[in-house]
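Number of protein chains: 2
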Amino acid sequence: MLYMRSTQDDRTTRAVIRDEALRLFAERGPESVTVRQIAGAAGVSAGLVVHHFGSKDGLRQEVDQYVLAVFEAMLGELTGEGGQELLDPGAGSASLSEAFARHLPAGSPLPGYLRRLLLTGADTGRVLFRRLFELSRRTLDELVAAGTADPGRDPAVRAAVLLANDLAVFLLRDHLTDVLGTDPLSVDGMARWAPELLGVYAGGLNAAPQGEAPPPR
Amino acid sequence: MLYMRSTQDDRTTRAVIRDEALRLFAERGPESVTVRQIAGAAGVSAGLVVHHFGSKDGLRQEVDQYVLAVFEAMLGELTGEGGQELLDPGAGSASLSEAFARHLPAGSPLPGYLRRLLLTGADTGRVLFRRLFELSRRTLDELVAAGTADPGRDPAVRAAVLLANDLAVFLLRDHLTDVLGTDPLSVDGMARWAPELLGVYAGGLNAAPQGEAPPPR
DNA sequence: CAGCATGTTAAACGCTTGTTCAATCCCGTG
DNA sequence: CACGGGATTGAACAAGCGTTTAACATGCTG
Chain A
1 MLYMRSTQDD RTTRAVIRDE ALRLFAERGP ESVTVRQIAG AAGVSAGLVV
51 HHFGSKDGLR QEVDQYVLAV FEAMLGELTG EGGQELLDPG AGSASLSEAF
101 ARHLPAGSPL PGYLRRLLLT GADTGRVLFR RLFELSRRTL DELVAAGTAD
151 PGRDPAVRAA VLLANDLAVF LLRDHLTDVL GTDPLSVDGM ARWAPELLGV
201 YAGGLNAAPQ GEAPPPR
Chain B
1001 MLYMRSTQDD RTTRAVIRDE ALRLFAERGP ESVTVRQIAG AAGVSAGLVV
1051 HHFGSKDGLR QEVDQYVLAV FEAMLGELTG EGGQELLDPG AGSASLSEAF
1101 ARHLPAGSPL PGYLRRLLLT GADTGRVLFR RLFELSRRTL DELVAAGTAD
1151 PGRDPAVRAA VLLANDLAVF LLRDHLTDVL GTDPLSVDGM ARWAPELLGV
1201 YAGGLNAAPQ GEAPPPR
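Chains A and B, in that order, are what the protein sequence lines are. Note that our numbering has the first sequence beginning at 1, numbered continuously upward. Note that our numbering has the second sequence beginning at 1001, numbered continuously upward.
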């Protein structure tokens, strides 16, 4: 093909368009991105975008599906591999946030897209959240079974609290980076964030930090 | 004026336009709302909207300023009235969420607009978040001074954790309503949410609930 | 080698957008 | 009572939007 990307790139032109759309959608939101901008970013004409995806909305839906699939794959690895390591205050894991940081490259647009999906993706967002909520409920159940957590008065609400706290890092990532000087989804950032959150989970707000770094108790 | 709103309404036409814009912006986002739609909702012509606010962006900025002003007023009442009642695990207050529920009418578009401001309002959102972060830091300081909380290893991060947890309810309101069956910003919803969160804050995830079902103050 | 499906482009189309403009209406003031 | 000025409208405008179309190049298949 003469029209294929110049330098070596094993992705199909179709995939390149999809990736650029994903990036731009995550950055500015689908409404603020034009077909011509996507085409420009992918190095093709506007007509080709429509030719491949039927319409702009068709492209958006395909990106939705793609992101969801990647996310599910991530979740699969997480819950499937070495038993439940999710949300376990004992292990170094701080759940979803850490999962993303570990499974995705540094500047990946995926977190941003998922954020937008969660906040403005009418139906897809609802499905996604329900999925996460069920996961959170099961995780809490496991923690209770293991004696690591109490179900509380209202286990559904407690699971929701845990999920919300987890997602908050995600949704507020940029602002947190701004005021703390560290991206909470980066390795350094999680090293600051996780102990503080797990400290509260372990003994409440009033308990002094326990797992020491400097002070030998 | 013959053109004034039919039924009694003490608001200026200008104010009506501003309010309708606020509502629509909060619902769908400024990019997805047209000047004609705003005009239609306010019962005026598109030209008049521009005449009053210069441009669509001018209108958006004015709504921004208006929302920020109302929010600041709310914050002022909160921090100023009976000393610090904010984030105090002893009182029934669950901070920002409760403040909104108490100071705003039921279907107010303000929470939705603030959410959007926080998540997509480039500079305004940053300023808003910094403001809230400073408030959270001061509140944590007071809790520490009162012996109700420990500063933790990294007080800035601990304050950020508290703020993020608080804002999460806000940002995920619709989804939480969906899975829990109760709006967490309503009176009923807070009655479910607050005890669970405060329970964790009081003794961590593993502690059994302490204050009984209806706590006799 | 003919032929056909596919990838691709440039140009054009129709529609919606934000904005401008001239005209009209009404009130307050001199 | 004239009149000037703000409020208000409907029509018009240019620009940008998503999409359609006709044409062309390319690689595969019989």
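By construction, the Cβ of each residue, glycine as well, lies at the ideal position given by its N, Cα and C atoms.
- DSSP places arginine 116(A) inside the alpha helix (DSSP H), whose first and last residues are 110-120.
- Interface with chain B (9 Å Cβ-Cβ cutoff): tyrosine 201(A) is included.
- The beta carbons of phenylalanine 1133(B) and valine 179(A) sit about 5 Å from each other, so the pair counts as a contact at 8 Å.
- Counting C-beta atoms within 10 angstroms of its own C-beta, serine 97(A) has 16 or more neighbours from the protein chains shown and is therefore classed as buried.
- Near chain B, meaning a CB-to-CB distance below 7 Å, the residues of the region 157-185 of chain A are Val157, Arg158, Ala160, Val161, Ala164, Asn165, Leu167, Ala168, Val169, Leu171, Leu172, His175, Leu176, Asp178, Val179 and Leu180.
- Between leucine 118(A) and leucine 128(A) a beta carbon distance of about 6 Å is seen, short of the 8 Å cut, so the two are scored as contacting.
- Taking C-beta separations shorter than 6 Å and ignoring five residues to either side along the sequence, the partners of leucine 176(A) in its chain run Pro184, following chain order.
- Arginine 1023(B) sits in a helix when the DSSP states are folded into three classes.
- Per DSSP, alanine 1207(B) is not a residue of any alpha helix (DSSP H), being assigned neither H nor E.
- Not one beta carbon of chain B lies nearer than 9 Å to the beta carbon of leucine 68(A).
- The three-state secondary structure of proline 184(A), taken from DSSP, is coil.
- In the structure shown, the three-state DSSP call for arginine 1153(B) is coil.
- Counting the other CB atoms within 10 Å of its CB gives aspartate 57(A) a total below 16, which places it among the exposed residues.
- In this structure, alanine 46(A) sits away from alanine 21(A), with a CB-CB distance that is not shorter than 9 Å.
- Counting C-beta pairs with one atom in each stretch, the region 1194-1209 of chain B and the region 147-163 of chain A have three or more that are closer than 8 Å, which means they touch.
- Look at aspartate 10(A) here: in three-state DSSP terms it is coil, with no helix or strand label.
- In this structure leucine 24(A) is in contact with isoleucine 38(A), their Cβ atoms being roughly 6 Å apart against a cut-off of 8 Å.
- Interface annotation, leucine 1078(B): not in contact with chain A, CB-CB separation never under 9 Å.
- According to the DSSP assignment, glycine 1047(B) belongs to the alpha helix (DSSP H) that extends over 1046-1053.
- With a beta-carbon spacing of about 6 Å, arginine 18(A) and valine 63(A) fall inside the 8 Å limit used to define contacts.
- DSSP places glutamate 1098(B) inside the alpha helix (DSSP H), whose first and last residues are 1096-1103.
- For glycine 1043(B), no alpha helix (DSSP H) segment is defined, and its DSSP state is neither H nor E.
- Interface flag for proline 1209(B) against chain A is set, since a Cβ pair is found closer than 9 Å.
- For proline 1109(B), no CB of chain A lies under 9 Å from its own CB, so it is not counted at the interface with that chain.
- At a cut-off of 9 Å between beta-carbon atoms, proline 1195(B) makes contact with chain A.
- Within chain B, the residues whose beta carbon sits less than 8 Å from that of phenylalanine 129(A) are Leu1172, His1175, Asp1178 and Val1179, listed in sequence order.
- For phenylalanine 133(A), the closest Cβ of chain B is nearer than 9 Å.
- At the C-beta level, leucine 135(A) and leucine 75(A) come within 9 Å of one another.
- Around the CB of arginine 102(A), fewer than 16 other CB atoms lie within 10 Å, so the residue is classed as exposed.
- For aspartate 150(A), the nearest beta carbon of chain B is closer than 9 Å to its own beta carbon.
- Within chain B, Arg1192 and Glu1196 have C-beta atoms less than 7 Å from the C-beta of aspartate 154(A), given in sequence order.
- Here the alpha carbons of alanine 15(A) and arginine 1131(B) stand approximately 42 Å from one another.
- At a cut-off of 9 Å between C-beta atoms, serine 1095(B) does not count as an interface residue with respect to chain A.
- Under the Cβ criterion of 9 Å, threonine 1120(B) is counted among the residues facing chain A.
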